[in-house]
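Everything below concerns the one structure shown next.
There are 2 protein chains.
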Amino acid sequence: MIDWREFDHNPVSHSAAHHLTSIQQLLEEQGYARVSDVARKLGITRGSVSVTLKGLRQRGLVVEDDHKHLGLSEEGLRIARGIHTKRILFQSFLSEHLGLPSNLAEQDACKVEHLVSDVTAEALALFLESRSVESKEREAQVHSLEGRIKDGSVDIFPSDRVQTLSSELEKNSSSTHEDNDDE
Amino acid sequence: MIDWREFDHNPVSHSAAHHLTSIQQLLEEQGYARVSDVARKLGITRGSVSVTLKGLRQRGLVVEDDHKHLGLSEEGLRIARGIHTKRILFQSFLSEHLGLPSNLAEQDACKVEHLVSDVTAEALALFLESRSVESKEREAQVHSLEGRIKDGSVDIFPSDRVQTLSSELEKNSSSTHEDNDDE
DNA sequence: CCCTTGGGTTTGGGTTGCCAAACAGGTTGA
DNA sequence: TCAACCTGTTTGGCAACCCAAACCCAAGGG
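Listed in order, the protein sequences are those of chains U and P.
Counting the first sequence from 1 gives a position; this note's numbering is that position plus 83.
Counting the second sequence from 1 gives a position; this note's numbering is that position plus 83.
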């Protein structure tokens, strides 16, 4: 097993990710971004934003000009763009290739955007590149499934297939990492 | 925009997810699970596990027999299985279809397993079902990419393509959710 | 019978991140 | 000029989670 606590050893937290992308988005939308604007966009109080941004400023990701106008440092911009890219890639995959309803795709993409590795993002990009959208027919399947899952009238996934996939993964992974079962 | 704080409104937290799946795994491996066993497997102290499990017991996900042996309630088992399934599905997708090295696939799958919706998992299952593994050729591409990303010698993703994908997503989403831009 | 050992719990600390509330400045209308 | 507003900051609370360390208890070994 990989160390499960990697979960919060990310370049930026979920919260920070949204602070950064909000600033970037506000700059594009209205040319400037203030604490209140960010707070409004994120739906949290000015106080919270103020405190969080103080941290991001100390980390050199956010800058502030003489008129309390916020901006991103080069590093901050790089991170914000990376996150935005990952969000788009995942949303696109979930929506176009898995046939998920767009609000769900957006929601799930938003949750994982700051967690996945750069390599994963690149690999997904290559994938999206090569597959054109010939996956429309899956949308119908997924749509009907959506109802049945809510009813609880269908198991989430046949466990024997999980078993199969699981052992396949194990087989292939033996080459890559020295495995001592528990971390 | 979807409410970004959905991030921590999940059925169980990342931490809880691992506590549950650890118990389940220990039961399979050695027939019983105690606080210390879980602590050892997760790499945290007994004290932390004790406290966390107290919460999970109160929520009715974990049970304890007369000999301090832990188990999962029906609900707890359902959740643990769901999470395990999602992990396998994602790991399988990342590894077999995106060609990621298995340790990376495992790591990323571990990060998102408790975040994605059931519908997403089902859709991914259907996807894996229909595509057999004809994606080996992408592995080489990804492998070489991995090195170049670390060197910083390659942008994470061409931004004009992000633009394209982004506007496509917007177009398709207009049918689904009433959009007022900020949340 | 005592003492070591391992398992479980409790407690005080630290971190992140949100809120509410109190404050400090600046702008503007009357 | 004064009051009403809008902005930004600070502070005390709270909730998750983690750790370290102190404790309690039962089981053995000598």
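For each residue, glycine too, the CB sits at the ideal point set by N, CA and C.
Values in this document were obtained by computation on a predicted structure and should not be read as measured data.
Going along the chain, which residues of the region 169 to 181 of chain P sit with their C-beta nearer than 8 Å to a C-beta in chain U? Ile171, Leu172, Gln174, Ser175, Leu177, Ser178, Glu179, His180 and Leu181
Return the CA-CA distance between glycine 285(P) and alanine 116(U), expressed in angstroms with no decimal places. Only positions 84 to 266 of chain P appear in the structure, and residue 285(P) is not among them; the question remains open.
Neighbourhood of phenylalanine 176(U) by C-beta distance below 7 Å, restricted to the same chain and skipping five residues each side: Here the question's residue 176(U) lines up with position 93 in the first sequence. These residues qualify, in order along the chain: Leu207 and Leu211.
Serine 105(P) classed as buried or exposed, judged by whether at least 16 other C-beta atoms fall within 10 angstroms: Residue 105(P) sits at position 22 when you count from the first residue of the second sequence. Buried is the call here.
Could you give the DSSP three-state label for glycine 114(P): helix, strand or coil? Along the second sequence, read from residue 1 onward, the residue named residue 114(P) stands at position 31. Correct three-state label for glycine 114(P): coil.
May I ask you to verify whether the region 183 to 201 of chain U touches the region 142 to 152 of chain U, counting CB pairs closer than 8 Å and requiring at least 3? no
Within chain U, the residues that glutamine 107(P) reaches when beta carbons sit closer than 7 Å: Locating residue 107(P) in the second sequence gives position 24, counting from the first residue. Chain U residues near glutamine 107(P): none, gap ~12 Å exceeds 7 Å.
Under 7 Å Cβ to Cβ from leucine 198(P), same chain only, skipping five residues before and after it: list those, please. If you number the second sequence from 1, residue 198(P) lands on position 115. Correct list, in chain order: Asn93.
Under 8 Å Cβ to Cβ from glycine 143(U), same chain only, skipping five residues before and after it: list those, please. On the first sequence, position 60 is the one that residue 143(U) refers to. Cβ within range, chain order: Ser156, Glu158 and Gly159.
Does valine 134(U) pass the burial test, meaning 16 or more other C-beta atoms within 10 Å, or should it be called exposed? Counting from one through the first sequence, the residue named residue 134(U) turns up at place 51. Exposed, since its Cβ has fewer than 16 Cβ neighbours within 10 Å.
Fully enclosed by the region 142 to 187 of chain P, which alpha helix (DSSP H) runs are 4 residues long or longer? 157 to 175
Nearest residue (CA-CA) to glutamine 246(P), options Lys254(U), Ala99(U) and Ile171(U): As a working note, residue 246(P) is residue 163 in the second sequence. Nearest option by C-alpha distance: Ile171(U).
Look at leucine 139(U) and histidine 101(U) and say whether their C-beta atoms are less than 8 Å apart. Translated into the one-based positions of the first sequence, residue 139(U) becomes position 56. Translated into the one-based positions of the first sequence, residue 101(U) becomes position 18. Contact flag unset, no.
Do you know how far the Cα of glutamate 189(U) is from the Cα of alanine 181(U)? Translated into the one-based positions of the first sequence, residue 181(U) becomes position 98. Translated into the one-based positions of the first sequence, residue 189(U) becomes position 106. According to the sequence as given, residue 181(U) is leucine; it is not alanine. Looking at the two C-alpha atoms, the distance is approximately 13 Å.
Chain-ordered chain P contacts of serine 249(U) [CB-CB under 8 Å]: As a position in the first sequence, residue 249(U) is number 166, starting the count at 1. Those are Ile171, listed as they occur along chain P.
Would you report the Cα separation of serine 119(P) and serine 131(U), rounded to the nearest angstrom? Sequence index remark: in the second sequence, residue 119(P) carries index 36 (1-based). Sequence index remark: in the first sequence, residue 131(U) carries index 48 (1-based). Those two C-alpha atoms are separated by around 38 Å.
Hey, does histidine 97(P) have any beta-carbon neighbour from chain U nearer than 8 Å? Locating residue 97(P) in the second sequence gives position 14, where the first residue counts as 1. So, interface residue.
Rounded straight-line distance, which links the Cα of glutamine 107(P) to that of arginine 123(U): Walking along the first sequence from the start, residue 123(U) turns up at place 40. Walking along the second sequence from the start, residue 107(P) turns up at place 24. When rounded, the distance between both Cα atoms is 43 Å.
Using only CA atoms, which one of Leu153(U), His167(U) and His226(U) lies nearest to glutamine 113(U)? By 1-based counting over the first sequence, the position of residue 113(U) is 30. Nearest option by C-alpha distance: Leu153(U).
Span separating the alpha-carbon of serine 178(U) from that of lysine 169(U): By one-based count along the first sequence, residue 178(U) stands at place 95. By one-based count along the first sequence, residue 169(U) stands at place 86. Serine 178(U) and lysine 169(U): Cα-Cα distance of roughly 14 Å.
With a 10 Å radius around its C-beta and 16 neighbouring C-beta atoms as the bar for buried, classify threonine 203(P) as buried or exposed. Numbered from its first residue, the second sequence carries residue 203(P) at position 120. Classification of threonine 203(P): buried, given that the 10 Å Cβ count is 16 or more.
According to DSSP, is glycine 126(P) helix, strand or coil? Taking the second sequence and counting its residues from 1, the one referred to as residue 126(P) is at position 43. Note: glycine 126(P) maps to coil in three-state DSSP.
Taking only the alpha-carbon atoms, compute the straight-line gap between glycine 126(P) and histidine 97(P) and give it to the nearest angstrom. Taking the first residue of the second sequence as 1, we reach residue 126(P) at position 43. Taking the first residue of the second sequence as 1, we reach residue 97(P) at position 14. Going by the C-alpha atoms only, they are around 15 Å apart.
Shorter than 8 Å from the beta carbon of glycine 143(U) to some beta carbon of chain P? Within the first sequence, residue 143(U) is the residue found at index 60, counting from 1. No - not a single Cβ of chain P is within 8 Å of the one on glycine 143(U).
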